[in-house]
Amino acid sequence: MTLESGITFLFAILIFAVTPGPGVFAVIAKSMTKGARASVSLCVGMVMSDIVYLVMACFGLAAIASTWEGVFLVIRYVGAAYLIYLGWKMWVSPVSTSTTDFSQLESKSEMASFIQGFMISASNPKVILFYVAFLPTFMDLTILSGFDIVIASILAFTALMLGINLISVCASQARRLMKSERSMKTLNRTSGGIMASAGAFLALKG
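Residue numbers are given in our numbering: position 203 of the sequence shown equals residue 277, and the series is strictly consecutive.
(1) Looking at the secondary structure, which residues open and close the alpha helix (DSSP H) in which P94 lies?
(2) Which residues mark the beginning and the end of the alpha helix (DSSP H) in which L116 is found?
(3) Buried or exposed: where does V148 fall if 16 or more other Cβ atoms within 10 Å of its Cβ makes it buried?
(4) Check whether the region 182–190 touches the region 107–119, taking contact to mean three or more Cβ pairs, one atom from each stretch, closer than 8 Å.
(5) Does the Cβ of Y220 have 16 or more other Cβ atoms within 10 Å, making it buried, or fewer, making it exposed?
(6) By the three-class DSSP mapping on this structure, what secondary structure does G267 have?
(7) Determine, using beta carbons only, whether L84 comes closer than 9 Å to chain B.
(8) Using the Cα positions of T93 and R256, report the straight-line distance between them to the nearest angstrom.
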């Protein structure tokens with residue numbers, strides 16, 4: 075991968091990162107209710123799942139998407155159900171305690187948030203097909219070296235984290251602007267609706 079193709083690859087992945095989908099909707103919902111910092115583990119989980127798919131694509135393992143179709147289906151429905159459950163919890167969350175409760179549990183729930191993010195991205199085997207179609211534009215997959223794969227992974231990780239965290243920070247600003255009990259209740263319900271919709275989208279998408 076040349077310097078020019080590397081920069082182009084970085085910006086292309088950045089655009090891919092902000093494309094609307096279940097993961098983006100989940101990040102928006104969590105950032106609006108808990109803030110950008112609370113969404114970091116979720117974002118890292120999503121990005122790490124994408125990196126796994128990218129590496130698999132580099133090794134020419136796209137066929138695994140069809141081989142493990144049943145496993146992906148189970149993961150997708152479990153992830154969708156969890157997102158819908160989180161949406162319901164946000165909808166009914168008491169305004170006076172939602173922030174306090176989260177701050178007390180934040181350190182304990184980081185791993186759960188990471189796993190949630192990983193499952194959201196892992197439930198979509200089409201991601202690996204995207205990388206298989208996308209990567210040849212920037213590199214020859216038949217003669218890739220280990221160094222090339224490491225560079226591609228670093229660039230993808232950087233671009234994905236930048237894109238998703240940009241969305242997270244923007245979404246968290248809505249939370250900062252809404253301080254009254256009524257506005258916070260509206261924010262919780264809006265975020266809950268977004269989260270539940272992300273779950274429904276994840277379950278129903280082909």
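Cβ coordinates follow ideal geometry from the N, Cα and C atoms, glycine included. Here the structure is a predicted model, which is why all the values come from computation and not from measurement.
The answer reads as follows:
(1) Reading the sequence shown from its first residue, position 20 is the one you call residue 94. That residue, P94, is in no alpha helix (DSSP H); it is neither H nor E in DSSP.
(2) The residue labelled residue 116 in the question sits at position 42 within the sequence shown. Residues 114–132.
(3) If you number the sequence shown from 1, residue 148 lands on position 74. Flag for V148 reads exposed.
(4) yes
(5) As a first step, residue 220 is located in the sequence shown; it is residue number 146 there, counting from the start. According to the sequence as given, residue 220 is Gly; it is not Tyr. The residue in question, G220, is exposed, as its Cβ has fewer than 16 Cβ neighbours within 10 Å.
(6) The count along the sequence shown starts at 1 and reaches residue 267 at position 193. Three-state result, G267: helix.
(7) This model lacks chain B altogether; it includes just one protein chain.
(8) The residue given as residue 93 occupies position 19 in the sequence shown. The residue given as residue 256 occupies position 182 in the sequence shown. Distance between the alpha carbons of T93 and R256 is about 31 Å.
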